[in-house]
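A.B. asks: Under my numbering, the first residue of the sequence shown carries the number 34, and numbering increases by one thereafter. Ideal placement from N, C-alpha and C gives every residue a C-beta, glycine not left out.
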Amino acid sequence: LSRRILQRELDLVLAHESVAGVAVISRDQALLDEVAAQGAVPLHEIQPGLNQALETARHEMLSRHADALLILPADLPFLAKRDIDQLLALVQQGTEVVLAPSPDGGTNALALTLPSPLRFAFGPHSFARHRQCARQLGMSQQVVISPTLAFDVDWPADWELLRATFPDLAPSPTG
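Listed below in structure tokens is the structure:
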């Protein structure tokens with residue numbers, strides 16, 4: 034099920050007219066081979082931890098002359114093209130940091146102009162930490178509130194809601 038969610042997100046982002054390149058970070062070499070075959074840049078997670086992996090991705094995208102970076106976790110089953118449109122439009126209009134919160138205080142989407150001094154702070158309460166860091170750096174920021182971006186699959190109750198919405202999906206991890 035996690036692969037299906039990732040594949041759906043990857044299809045949306047790869048097909049988006051404003052996206053010049055897509056990178057996927059993982060420790061799973063088979064997954065990286067799959068995404069590379071679809072046109073994404075596979076980035077092997079060498080150092081443990083999401084924030085370190087994202088720093089690697091940022092450097093890779095800068096080396097490819099990217100002018101913006103959009104970070105989406107691989108657990109957003111309801112991500113919509115309009116979400117990507119909104120996040121990227123704000124960055125293209127010059128907003129330096131665009132964030133979408135998760136219901137538990139995390140960050141479900143983060144878009145940045147590049148280069149950017151913003152330090153990644155994913156983990157518990159990352160939304161507030163990202164906003165505070167942007168404020169301290171004097172960076173312009175905007176928050177995007179979207180029900181399709183807000184729903185992530187972090188807890189058994191999230192899996193159950195997803196299964197109730199789409200009964201043909203695989204069984205939940207708890208049964």
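(1) The beta strand (DSSP E) that contains H77, what's its start and end?
(2) Could you give the residue range of the alpha helix (DSSP H) that holds V189?
(3) What do you get for H98, buried or exposed, if any count of 16 or more other CB atoms within 10 angstroms of its CB means buried?
(4) Just to confirm, is the Cβ distance from L103 to V52 under 9 angstroms?
(5) Quick one: what does DSSP say T207 is sitting in, helix, strand or coil?
(6) Per DSSP, what are the beta-bridge partners of I104 in this structure?
(7) Under DSSP, the alpha helix (DSSP H) around S159 begins and ends at which residues?
(8) Decide if R168 is buried, meaning its Cβ has at least 16 other Cβ atoms within 10 Å, or exposed.
(9) With contact counted as at least three CB pairs below 8 angstroms, one residue from each stretch, are the region 82 to 91 and the region 142 to 157 in contact?
(10) If you check the beta carbons only, do Q133 and V177 fall under 9 angstroms apart?
C.D. replies: So, from the listed chains and residues:
(1) In the DSSP assignment, H77 falls within the beta strand (DSSP E) that extends over V74 to H77.
(2) As written in the sequence, residue 189 is Pro, which differs from the Val given in the question. That run of the alpha helix (DSSP H) goes P189 to T198.
(3) By the 10 Å Cβ count, H98 comes out exposed.
(4) Yes, the Cβ-Cβ distance between L103 and V52 is below 9 angstroms.
(5) Here the model assigns T207 a pLDDT of 43, short of 50, so the residue's position is not dependable, and the following value carries that caveat. Note: T207 maps to coil in three-state DSSP.
(6) The partner list for I104 (beta bridge, DSSP) reads L143.
(7) Start and end: S159 to Q169.
(8) Counting Cβ neighbours within 10 Å, R168 comes out exposed, since fewer than 16 surround it.
(9) A contact exists between the region 82 to 91 and the region 142 to 157.
(10) Correcting the residue type first, residue 133 is Ala in the shown sequence and not Gln. Cβ distance < 9 angstroms, so A133 and V177 count as in contact.
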